[in-house]
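Undergrad: Take a look at this one; I'll ask things after.
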């Protein structure tokens, strides 16, 4: 879209732009070429992957190896087969039966399962063109969504932004899909009323693939066709053809046995419906990527003069970026915001991480040494 030109699907060495990522990943998919897919703009992630033995990357029958941050702070590699992607795409399309699309517009990068499987494989199965560009303004996305038969693959940030600009537009002949970060009931309702269309929120993870979906201001998630749901200790367990069979954890291949145990706290309503109540892990969703608070705590505690750090995730439905990191710092010197932004950029690239620093606190611990809270000094 930047150059108003069409790019054929082809192999591209070291793809960097979204158009190049899209072209290359579909080339690999169509030709059964194994590929490691990850965000090369994150310096710490690039360094970690380069340190691994490349021999373990290639596993029989695998199509992609995605890398995502894990709860331990170390990136986790998730292997996916072509069948994982195809069956998942077909399950998603079944929920859109009766809708006709002639183009897909996607704002997301093609460096994770959401971008590749939803933003690339789905439109290829529909045999329609994919429109993308490096960066979108909300007004630009609104203009594209006005075109009849457009399927928009985006993030909750854009839904909130479109609500704020309140553009005089009608998207009644288009449809929106967003990533797994939540769209609040209020934002879902406003979007539907403002633009006369719906936004379907996809609940998924790299390990499990798609699990459930809901629309606009709905509370209840419906499991996709082929997905079996259950719970253990109030946390969601899933079995489906979309779930990975192998994970690369700290350089070691681990086989995944169904059902897959997630960290999501749920209320199971029946065999196909559930409510998401929260998650037990300390994972923040930043620009569509999972970042472990433990990883950021470790980065900050490695800085000179910092004794201990505790990070809490705070939700703010009024903000465009709805997950904010409250950083509590035990230190004699205190932590400066400008210094921290520089350190985070060195580790995560240009990713914009929203945070607030609370200096002059004492971190409290449990009897086994786990950080459990703080008190002001």
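Numbering (the numbering used here), first residue to last: 392 to 768.
Note that CB positions come from ideal geometry on N, CA and C, so glycine has one too.
What did DSSP end up calling residue 504 once you bin it into helix, strand or coil?
TA: Helix.
Undergrad: How big is the Cα-Cα spacing for residue 559 and residue 528?
TA: Going from the Cα of residue 559 to the Cα of residue 528 covers about 16 Å.
Undergrad: Cα-Cα, which of 602, 767, 690, 422 is closest to residue 435?
TA: Nearest of 602, 767, 690, 422 to residue 435, Cα basis: 690.
Undergrad: Report yes or no: do the region 496–504 and the region 657–672 share at least 3 C-beta pairs separated by less than 8 Å?
TA: Not touching, per the Cβ criterion.
Undergrad: Report the CB separation of residue 638 from residue 647 in whole angstroms; it is logged as a contact under 8 Å.
TA: 6 Å between Cβ atoms; contact.
Undergrad: Looking only at its own chain, which residues have a Cβ that is under 6 Å from the Cβ of residue 751, when we skip the five neighbours before and after it?
TA: Only 768 meet the Cβ criterion.
Undergrad: From residue 604 to residue 574, what does the alpha carbon distance come to, in whole angstroms?
TA: Rounded to the nearest angstrom, the two C-alpha atoms are 12 Å apart.
Undergrad: Per the DSSP calculation, residue 545 is bridged to which residue(s)?
TA: 569.
Undergrad: With burial defined as no fewer than 16 other Cβ atoms inside 10 Å of the residue's Cβ, what is the status of residue 602: buried or exposed?
TA: It is buried - the Cβ of residue 602 has at least 16 other Cβ atoms within 10 Å.
Undergrad: What residue does the beta strand (DSSP E) around residue 476 start on, and which one ends it?
TA: Looking at the DSSP string, residue 476 is not in any beta strand (DSSP E); the run it does join, the alpha helix (DSSP H), is 473–485.
Undergrad: What residue does the beta strand (DSSP E) around residue 612 start on, and which one ends it?
TA: Its beta strand (DSSP E) spans residues 612–614.
Undergrad: Tell me the residue span of the beta strand (DSSP E) that contains residue 733.
TA: First-last for residue 733: 728–739, but that is the alpha helix (DSSP H), not the beta strand (DSSP E).
Undergrad: Rounded to a whole number of angstroms, what is the C-alpha to C-alpha distance between residue 617 and residue 479?
TA: Approximately 9 Å between the Cα atoms of the pair.
Undergrad: I need the DSSP call for residue 582, collapsed to helix, strand or coil.
TA: Helix.
Undergrad: Closest by CA to residue 627, which one among 636, 705, 651, 609?
TA: When each option's Cα is compared against that of residue 627, the closest is 651.
Undergrad: Return helix, strand or coil for residue 448, following the three-state DSSP convention.
TA: In this structure, residue 448 counts as coil in the three-state DSSP scheme.
Undergrad: Say whether the region 431–447 touches the region 545–563, bearing in mind that this needs 3 or more beta-carbon pairs closer than 8 Å, one atom from each stretch.
TA: Flag = no, the region 431–447 and the region 545–563 do not touch.
Undergrad: Assign residue 411 to one of three DSSP states: helix, strand, or coil.
TA: Residue state, collapsed to three classes: helix.
Undergrad: Measuring only the C-alpha atoms, how far is residue 692 from residue 715?
TA: Each residue's Cα considered, the two are about 19 Å apart.
Undergrad: Compute the distance between the beta-carbons of residue 545 and residue 569, then report whether it is under 7 Å.
TA: Yes, they are a contact pair.
Undergrad: Measuring alpha carbon to alpha carbon, tell me which of 590, 516, 514, 518 ends up nearest residue 551.
TA: Among 590, 516, 514, 518, the Cα nearest to that of residue 551 belongs to 590.
Undergrad: Please specify which runs of the alpha helix (DSSP H), each continuous and at least 4 residues long, are wholly inside the region 397–443, giving them in chain order.
TA: Qualifying alpha helix (DSSP H) stretches, in chain order: 409–421, 434–442.
Undergrad: Let me know the secondary structure DSSP gives residue 751 once reduced to three states.
TA: Of the three classes helix, strand and coil, the one that applies to residue 751 here is coil, per DSSP.
Undergrad: Taking Cβ positions, are residue 633 and residue 475 nearer each other than 7 Å?
TA: In this structure, residue 475 lies closer than 7 Å to residue 633 by Cβ.
Undergrad: Tell whether a beta-carbon distance below 7 Å holds between residue 724 and residue 696.
TA: Yes, they are a contact pair.
Undergrad: Using CA coordinates, which residue listed in 520, 493, 402 is at the minimum distance from residue 422?
TA: Residue 402 is the option with its Cα nearest to residue 422.
Undergrad: Under the criterion of a Cβ to heavy atom distance below 6 Å, does residue 552 qualify as lining the ligand GTP?
TA: This structure lacks the ligand GTP; in fact it carries no ligand of any kind.
Undergrad: With residue 620 as the anchor, note down where its beta strand (DSSP E) starts and where it stops.
TA: Run containing residue 620: 619–623, per the beta strand (DSSP E) assignment.
Undergrad: To the nearest angstrom, how far is it from the Cα of residue 640 to the Cα of residue 458?
TA: Rounded to the nearest angstrom, the two C-alpha atoms are 10 Å apart.
Undergrad: With DSSP as the reference, label residue 766 as helix, strand or coil.
TA: Strand at residue 766.
Undergrad: Looking at the unbroken alpha helix (DSSP H) that takes in residue 687, where does it start and where does it end?
TA: Note, residue 687: alpha helix (DSSP H), 684–692.
Undergrad: Rounded to whole angstroms, what is the Cα-Cα separation between residue 532 and residue 541?
TA: Each residue's alpha carbon lies about 11 Å from the other.
Undergrad: Just grab the DSSP bridge partners of residue 589 for me.
TA: In the DSSP output, where bridge partners are listed per residue, residue 589 has none listed.
Undergrad: I need the boundaries of the alpha helix (DSSP H) containing residue 534, first residue and last residue.
TA: 529–536 is the span of the alpha helix (DSSP H), which, as asked, contains residue 534.
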